[in-house]
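What follows is a short report on a single structure.
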Amino acid sequence: MTFIIIIIIIIIIIIIIIFPTALCFAAPPKTTVRWCTISSAEEKKCNSLKDHMQQERVTLSCVQKATYLDCIKAISSLV
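Numbering-wise, UniProt numbering puts 78 at position 78 of the sequence shown, and it's gapless, one number per residue.
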């Protein structure tokens with residue numbers, strides 16, 4: 001009888017230790033930010049920033065258009 005109680009206590013301690021750790025691995029989904037550029041230089045900077053943000057909670061999406069108005073249309077159509 002004592003052996004069963006000890007086993008139950010050990011199982012409870014393991015659950016208390018492992019369960020909170022398992023919750024830490026449940027990461028929220030990444031937020032996606034769409035960034036529009038109108039020049040090759042802006043596109044290059046955006047892609048560089050995107051590469052540096054891979055470990056963050058935000059995903060950066062770069063798109064290049066000819067004008068600011070085209071950018072507004074492109075971004076708003078994806079909403």
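Built from N, CA and C at the ideal position, the CB exists for glycine as well.
Practice prompt. Output the boundary residues of the beta strand (DSSP E) element that contains SER61.
Written response: 58 to 64
Worksheet item: Cα-Cα, which of GLU42, ASP51, ILE38 is closest to TYR68?
Response: Taking the Cα of TYR68 as reference, the smallest distance to any Cα among GLU42, ASP51, ILE38 is reached at ILE38.
Worksheet item: Per DSSP, what kind of secondary structure is THR2 in: helix, strand or coil?
Response: helix
Worksheet entry | LYS65 versus ILE11: straight-line alpha-carbon distance, rounded | 59 angstroms
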